[in-house]
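Structure record follows, encoded as structure tokens.
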Amino acid sequence: MEQLPFYIALVMGLSTFLSAYFLAKASPKHKTRILTIAIGWLILQSLISISGFYTHTKAMPPRFLLAIGPPFLLIIGLFATKSGRYFIDSLEIKTLTMLHVVRIPVELVLFWLFLHKTVPEIMTFEGQNFDIISGITAPVVYYLFKKEYIGMGILLMWNFACLMLLINIVSTAILSAPFPFQQLAFDQPNIAVLYFPFNWLPCCIVPIVLFSHLVAIRKLMRE
0 MEQLPFYIAL
10 VMGLSTFLSA
20 YFLAKASPKH
30 KTRILTIAIG
40 WLILQSLISI
50 SGFYTHTKAM
60 PPRFLLAIGP
70 PFLLIIGLFA
80 TKSGRYFIDS
90 LEIKTLTMLH
100 VVRIPVELVL
110 FWLFLHKTVP
120 EIMTFEGQNF
130 DIISGITAPV
140 VYYLFKKEYI
150 GMGILLMWNF
160 ACLMLLINIV
170 STAILSAPFP
180 FQQLAFDQPN
190 IAVLYFPFNW
200 LPCCIVPIVL
210 FSHLVAIRKL
220 MRE
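Per our numbering, residue 0 is the first one in the sequence shown, and the count goes up by one each step.
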């Protein structure tokens, strides 16, 4: 991959740590444990990515499963176990709402990567990715909910809508990656996520954002 301007990697890194920070802040009791796990996972993924392991894209099953598999298995485990659900129910929904502001810098990173021909246009807000709307509306929804100008029903609908936007871009990113099952963007595949630090997006930020939506939806529907 071509040498990219430093600011792109910097914003990617800051966005990643900001997402982990918000998740930890949502659970004061487990703050240290969450940050420790997140930092350990990011270090491991950094070493794997720097080694070039993920650039071998023709392997089956895809090697990239090592980046996205463990976080999603962890999410399933948290929802499937009693202790996991206890942890989920302890999370602060207001903080989880504000967490989604990280989607603004992430979308900027994707746009910059497109300009440097490492992701396709379809993955940006100039293409078919409208996920930046979630980031822009997050602080507004947070403020309105905190001041009780909107109720749980509106917050629930917002989470569902933003979850759909997340699924849209994740699906596009997967189908645009240069794996054997690639279906989109053959002229410019999604290659940035195969390299450090942009592999942090699918291995950390996306799982945290997804988890935040699922937690909020569970808590709001129960209440």
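Using N, Cα and C, we set each Cβ at its ideal position, and we do this for glycine too.
| Asked | Found |
| --- | --- |
| Segment limits, alpha helix (DSSP H) that includes N198 | Taken as a continuous stretch (DSSP letters only), N198 belongs to no alpha helix (DSSP H), as it is neither H nor E. |
| Backbone CA spacing between F113 and I7 [nearest angstrom] | 11 angstroms |
| Selection from M97, L107 and G83 that minimises the alpha carbon distance to V10 | L107 |
| Range covered by the alpha helix (DSSP H) that runs through Y142 | I131 to K145 |
| Given A184 as reference, the closest of Y194, S170, P196 and F197 once Cα atoms are compared | S170 |
| Burial state of A37 (16 or more Cβ within 10 Å) | buried |
| Secondary structure of Q181, DSSP reduced to three states | coil |
| Between the CA atoms of S133 and T123 - distance to the nearest angstrom | 14 angstroms |
| C-alpha gap between A58 and I121, whole angstroms | 25 angstroms |
| Where the alpha helix (DSSP H) through M151 begins and ends | M151 to S175 |
| Check whether N189 and V118 have beta carbons under 9 angstroms apart | yes |
| Close Cβ partners of T94 (< 8 angstroms) along its chain, the five nearest in sequence each way excluded | F21, K24 and A25 |
| Inter-residue spacing [alpha-carbon to alpha-carbon] between G12 and S89 | 27 angstroms |
| For E106, the first and last residue of its enclosing alpha helix (DSSP H) | R102 to L114 |
| Span of the alpha helix (DSSP H) around F71 | L64 to A79 |
| Nearest candidate by alpha-carbon position, reference F195, set S18, G39, S48 and I92 | S48 |
| G39 versus F86 - alpha carbon distance | 20 angstroms |
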